[in-house]
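Enquirer: Below are the structure tokens for one structure; questions will follow.
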Amino acid sequence: MAETDTGERIERYWRDEGTLSATAVAQRVRWQLEGWLQARGEGSVSRLELLPERLLPDDGRQLDLWSSTSGLPRRTKQGLARLVAMLGSDSVVVPRPGGGRSARDSHVMEGCVIEEGAVAGGGPGGGVLEGGATGGRTRSSEDSPPWPGSIPAPSPAVVLDQPTPVELQDSEGRSVRVDGRGALSAPPSRCGLPGGNWSGVDSWAGPWCVDERWWDPLKHRRRARLQVLLERSAHLLTLESGQWRLEATYD
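When you number the sequence shown by my numbering, it's gap-free, plus one each residue, and the end is 309.
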């Protein structure tokens with residue numbers, strides 16, 4: 059907790075594995091003060107108080123194959139800790155597996171929390187992505203329904219904020235369609251990407267069809283997704299209302 063000469067009170071909670079040295083505490087205090095003063099730009103700190111909210115016994119740590127107590131590299135963890143101290147946990151986000159049918163819903167971003175030698179999401183349930191001695195939560199039961207129509211692993215590397223219109227044609231130059239039973243009108247032969255570049259389709263998988271909210275005429279959506287492997291790239295395409303769109307890209 060810090061107070062400025064203008065009477066403003068600023069608080070921040072830290073969580074660590076319980077082995078903070080005097081040097082580490084001093085570094086965190088300096089990072090925290092730098093972040094506060096840069097963000098506010100007014101006054102100076104007149105009082106600083108450090109209070110332990112909870113103490114845990116040091117019962118040791120299980121070493122991994124490389125004699126490390128954490129799966130996260132030390133410098134990476136220090137860098138994340140500094141960013142969290144300066145900007146707040148809500149300003150530093152990490153991904154965790156989510157639940158849903160679309161590529162965007164398959165992962166969610168949560169505030170980063172450094173605790174127990176791991177990087178954890180700040181949302182409900184923790185969402186530890188890199189486990190320490192106790193491992194980590196990667197997916198809750200409520201994130202794992204059947205999700206019919208969802209895309210199988212692996213997940214795309216890049217998901218576009220706004221899907222981009224593209225063209226998908228068969229060998230006769232006709233647009234590929236998907237009927238009500240989820241069957242393609244013809245095998246895709248070439249794809250017209252943004253910028254007017256055309257590429258041949260080497261292979262494809264799908265389609266995966268989704269019929270959402272069929273009981274609501276205002277929110278009803280029908281979509282079909284197709285994975286296509288082109289000459290130099292791989293993409294996830296979505297067909298909705300007669301238009302193919304580029305939704306995501308694979309490594």
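Every residue gets a Cβ at the ideal spot worked out from N, C-alpha and C, and that includes glycine.
This one's a predicted model, so the numbers in the text were calculated from it and none came from an experiment.
Based on the DSSP output, what are the partners of Gln227 in its beta bridges?
Expert: In the sequence shown, counting from the first residue as 1, residue 227 sits at position 169. Its beta-bridge partners are Ser233, Arg248.
Enquirer: Between the C-alpha atoms of Ser243 and Pro153, what's the straight-line distance to the nearest angstrom?
Expert: Position 185 of the sequence shown holds residue 243. Position 95 of the sequence shown holds residue 153. Each residue's alpha carbon lies about 37 Å from the other.
Enquirer: Mind checking Thr296: buried by the 16 CB within 10 Å criterion, or exposed?
Expert: Within the sequence shown, residue 296 is the residue found at index 238, counting from 1. Result: buried.
Enquirer: Look up Glu298 in the DSSP assignment and say whether it is helix, strand or coil.
Expert: As a first step, residue 298 is located in the sequence shown; it is residue number 240 there, counting from the start. Glu298: strand per DSSP, three-state reduction.
Enquirer: Taking all protein chains shown into account, do 16 or more other C-beta atoms lie within 10 angstroms of the C-beta of Lys277, making it buried, or fewer, making it exposed?
Expert: To locate residue 277, count along the sequence shown from 1; it is residue 219. Exposed, since its Cβ has fewer than 16 Cβ neighbours within 10 Å.
Enquirer: Suppose you measure from the CA of Arg88 to the CA of Met167; what does that come to, to the nearest Å?
Expert: By one-based count along the sequence shown, residue 88 stands at place 30. By one-based count along the sequence shown, residue 167 stands at place 109. Between Arg88 and Met167, the C-alpha separation is close to 28 Å.
Enquirer: When the distance is taken between beta carbons, is Pro245 closer than 8 Å to Asp228?
Expert: In the sequence shown, the residue the question calls residue 228 occupies position 170. In the sequence shown, the residue the question calls residue 245 occupies position 187. Cβ atoms of Asp228 and Pro245: closer than 8 Å.
Enquirer: Taking Asp269 as the reference, which of Arg86, Ala282, Ala241 has the closest Cα?
Expert: As a position in the sequence shown, residue 269 is number 211, starting the count at 1. Among Arg86, Ala282, Ala241, the Cα nearest to that of Asp269 belongs to Ala282.
Enquirer: If I follow the unbroken beta strand (DSSP E) through Asp260, where does it start and stop?
Expert: For the purposes of this step, residue 260 is taken as residue 202 along the sequence shown, with counting starting at 1. 256-270 is the extent of the beta strand (DSSP E) around Asp260.
Enquirer: Return the first residue and the last residue of the beta strand (DSSP E) that Ser149 is part of.
Expert: Numbered from 1 along the sequence shown, position 91 holds the residue referred to as residue 149. It is not in any beta strand (DSSP E) - Ser149 carries neither H nor E in the DSSP assignment.
Enquirer: What separation, rounded to the nearest whole angstrom, lies between the Cα atoms of Glu66 and Met59?
Expert: Numbered from its first residue, the sequence shown carries residue 66 at position 8. Numbered from its first residue, the sequence shown carries residue 59 at position 1. Going from the Cα of Glu66 to the Cα of Met59 covers about 11 Å.
Enquirer: Along the chain, where does the beta strand (DSSP E) containing Arg280 start, and where does it finish?
Expert: Counted from its first residue, the sequence shown places residue 280 at position 222. 279-288 is the extent of the beta strand (DSSP E) around Arg280.
Enquirer: Tell me whether Ala215 is buried or exposed, calling it buried when 16 or more other Cβ atoms sit within 10 Å of its Cβ.
Expert: Position 157 of the sequence shown, counting from 1, holds the residue named residue 215. Exposed, since its Cβ has fewer than 16 Cβ neighbours within 10 Å.
Enquirer: Would the beta-carbon of Ala161 fall within 8 Å of that of Ala306?
Expert: One-based indexing of the sequence shown puts residue 161 at position 103. One-based indexing of the sequence shown puts residue 306 at position 248. Yes, Cβ-Cβ distance for Ala161 and Ala306 is below 8 Å.
Enquirer: Quick check: what's the CA-CA separation for Val142 versus Ser247?
Expert: Stepping through the sequence shown from its first residue, residue 142 is reached at position 84. Stepping through the sequence shown from its first residue, residue 247 is reached at position 189. The straight-line gap from Cα to Cα measures roughly 49 Å.
Enquirer: Since Val236 and Pro265 are thought to touch, with beta carbons under 8 Å apart, how far apart are those beta carbons, to the nearest angstrom?
Expert: As a working mapping, residue 236 is identified with position 178 in the sequence shown. As a working mapping, residue 265 is identified with position 207 in the sequence shown. Yes, Val236 and Pro265 are in contact; Cβ-Cβ is about 5 Å, under 8 Å.
Enquirer: Look up Cys60 in the DSSP assignment and say whether it is helix, strand or coil.
Expert: By 1-based counting over the sequence shown, the position of residue 60 is 2. Reading the sequence as shown, one finds Ala at residue 60 and not Cys. It is a strand residue.
Enquirer: I need the DSSP call for Thr196, collapsed to helix, strand or coil.
Expert: Stepping through the sequence shown from its first residue, residue 196 is reached at position 138. Residue confidence is low: Thr196 scores 40 on pLDDT, short of 50, so the model does not pin down where it sits. Its coordinate-derived value is still stated next. Note: Thr196 maps to coil in three-state DSSP.
Enquirer: Which residues bound the beta strand (DSSP E) around Arg105?
Expert: As a first step, residue 105 must be located in the sequence shown, where it is residue number 47. Run containing Arg105: 103-106, per the beta strand (DSSP E) assignment.
Enquirer: Nearest to Leu108 by CA position, among Val150, Ser149, Glu61, Gly146, is which residue?
Expert: Within the sequence shown, residue 108 is the residue found at index 50, counting from 1. If we check each option's Cα against that of Leu108, Glu61 comes out closest.
Enquirer: Which same chain residues, not among the five before or five after Gly193, have their C-beta less than 7 Å away from its C-beta?
Expert: Looking up residue 193 in the sequence shown gives position 135. Annotation note: pLDDT 33 at Gly193 (below 50); position unreliable, coordinate value reported separately. Closer than 7 Å at Cβ, skipping near neighbours: no residue.
Enquirer: Apart from the five residues just before and just after Ile209, which ones in its own chain have a Cβ nearer than 7 Å to its Cβ?
Expert: Translated into the one-based positions of the sequence shown, residue 209 becomes position 151. Correct list, in chain order: Ala161, Trp266, Arg283, Leu294.
Enquirer: For Val142, write down the residues that DSSP places opposite it in a beta bridge.
Expert: Locating residue 142 in the sequence shown gives position 84, where the first residue counts as 1. Val142 pairs with nothing; no bridge assigned.
Enquirer: Measure the alpha-carbon distance for Leu251 versus Arg112 and round it to whole angstroms.
Expert: The residue labelled residue 251 in the question sits at position 193 within the sequence shown. The residue labelled residue 112 in the question sits at position 54 within the sequence shown. Using only the alpha carbons, I get a separation of about 56 Å.
Enquirer: For Leu95 and Pro221, which I take to be in contact (beta-carbon distance under 8 Å), what is that distance rounded to the nearest angstrom?
Expert: The residue given as residue 95 occupies position 37 in the sequence shown. The residue given as residue 221 occupies position 163 in the sequence shown. Between Pro221 and Leu95 the Cβ distance is about 42 Å, and since that is not below 8 Å, they are no contact.
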